[in-house]
């Protein structure tokens with residue numbers, strides 16, 4: 385049964401959603417009064433689902449999302465194939481935080497910095513179980529991450545996240561119309577020609593219909609309008625993606641005194657938090673030019689088998705979704721003020737098992753789902769009620785409520801109207817004049 389469920393395409397949808405929730409995935413920007421639609425975010429969603437279904441090794445999964453653009457040559461390659469596109473789409477992970485800056489061409493530096501901070505929090509908390517919130521403004525007596533560490537960590541991303549080199553919507557469109565389109569003409573000649581040939585045929589069919597539309601009235605005019613609209617809908621375009629890329633050089637990073645960007649303090653260089661390593665931070669070798677290699681070096685460090693947190697944090701998240709509570713109940717905080725693990729030796733063993741089996745998440749599922757802890761009864765015995773009333777020691781299988789998606793799909797399945805189709809663009813939504821979706 386376990387293998388059959390893991391082989392189902394629905395597995396990737398189910399477990400991919402847990403990752404997408406952690407990453408902050410949304411089809412809109414997520415800011416009140418500035419909730420613009422993210423037209424191409426769905427490609428990242430599909431990347432995640434496919435990664436889970438194919439059991440992509442978790443270390444590779446992380447590296448691609450943190451530095452996929454530094455793994456491929458997408459500027460000078462003769463052709464941009466599916467492998468290149470996949471690596472670029474993966475970096476959408478770093479573009480999932482709420483972002484209202486694109487709704488207004490005039491946006492403040494503080495707003496841009498908040499987007500960057502939210503992205504860093506998602507990465508640090510979701511992947512490493514680290515809390516960075518306090519360190520943005522000051523050192524914290526309970527937190528080993530200093531304020532200097534925070535800004536040194538942020539400097540790793542500076543070539544991609546630069547609050548003073550932030551493209552407004554119009555500036556991006558101007559840049560896209562120039563260099564990006566010229567690159568497409570070189571890198572995608574076959575694809576571009578196929579799209580142009582297809583659209584030329586559509587235009588040839590449309591021309592006489594549009595001329596006829598000018599001369600007819602009444603019912604025939606309405607019917608012809610439907611045909612014209614249907615034909616226009618068949619037009620194709622070069623597909624776009626939502627991704628992060630490196631500019632090849634980093635602007636200087638300063639500590640913001642009390643978290644105020646208007647009060648710059650000491651200059652800092654890209655570095656890992658000192659609690660992990662005091663060695664000089666060295667960029668990684670990248671594929672293609674005009675890249676710093678900083679994010680790739682960070683990704684390789686995070687995905688290293690020797691990293692003290694990465695595997696444990698992921699195992700803990702998987703455990704939580706099976707049992708309703710993690711071995712460490714504070715999923716995003718493995719620090720001193722986070723919850724202590726209820727079964728530390730078990731957490732260590734599961735993490736080692738996953739890493740030694742090519743970082744396989746499906747292997748982890750098999751271990752958990754075939755365990756005595758998972759297969760035990762949920763009935764509370766009198767002895768268990770006295771010795772383990774909160775079930776911290778897993779004296780019984782916890783009862784778990786259906787979540788919203790399970791309840792929704794279950795009700796629709798009963799009616800026979802559940803659509804199993806996966807992937808592609810999301811259902812259309814309307815954005816009201818006030819900015820609400």
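Residue numbers (the working numbering): 385 to 821.
For glycine and all other residues, C-beta sits at the position ideal for the given N, C-alpha and C.
Note that this is a predicted model, so its numbers are computed, not measured.
How about residue i and residue j: are their beta carbons less than 7 angstroms apart?
| i | j | result |
| --- | --- | --- |
| residue 448 | residue 474 | yes |
| residue 743 | residue 443 | yes |
| residue 546 | residue 635 | yes |
| residue 519 | residue 531 | yes |
| residue 638 | residue 648 | yes |
| residue 613 | residue 676 | no |
| residue 516 | residue 625 | no |
| residue 628 | residue 429 | no |
| residue 406 | residue 476 | no |
| residue 772 | residue 761 | no |
| residue 460 | residue 671 | no |
| residue 408 | residue 481 | yes |
If you run the structure through DSSP and keep just helix, strand and coil, what is residue i?
| i | result |
| --- | --- |
| residue 856 | Here the chain comprises residues numbered 385 to 821, so residue 856 is not present and cannot be evaluated. |
| residue 536 | helix |
| residue 652 | strand |
| residue 762 | coil |
| residue 386 | helix |
| residue 397 | helix |
| residue 584 | helix |
| residue 464 | coil |
| residue 507 | helix |
| residue 543 | coil |
| residue 794 | helix |
| residue 403 | helix |
| residue 592 | helix |
| residue 774 | coil |
If you count every other CB in all the chains shown that lies within 10 Å of the CB of residue i, and 16 or more means buried, which is it?
| i | result |
| --- | --- |
| residue 548 | exposed |
| residue 540 | buried |
| residue 512 | buried |
| residue 435 | buried |
| residue 759 | exposed |
| residue 566 | Annotation note: pLDDT 47 at residue 566 (below 50); position unreliable, coordinate value reported separately. Its Cβ having fewer than 16 others within 10 Å, residue 566 is exposed. |
| residue 427 | buried |
| residue 803 | exposed |
| residue 794 | exposed |
| residue 701 | buried |
| residue 746 | buried |
| residue 776 | exposed |
| residue 484 | buried |
| residue 420 | buried |
| residue 389 | exposed |
| residue 394 | exposed |
| residue 580 | exposed |
| residue 709 | buried |
| residue 392 | exposed |
Quick check on the DSSP output: what are the complete alpha helix (DSSP H) runs of length 4 or more inside the region 672-710, in order along the chain? 678-686, 694-707
Would you check if the region 448-467 and the region 653-664 touch, i.e. whether three or more CB-CB distances between them fall below 8 angstroms? no
For the region 696-715 against the region 724-741, are there 3 or more C-beta pairs whose distance is under 8 angstroms? yes
Residue ranges of each alpha helix (DSSP H) run of no fewer than 4 residues wholly in the region 406-460, ordered along the chain? 426-437, 442-451
Every unbroken beta strand (DSSP E) within the region 709-772, with a cutoff of 3 residues, ordered by chain: none
With three or more beta-carbon pairs closer than 8 angstroms as the criterion, would you say the region 498-507 touches the region 459-470? no
Segments assigned beta strand (DSSP E), at least 3 residues, entirely inside the region 599-668: 637-640, 648-652
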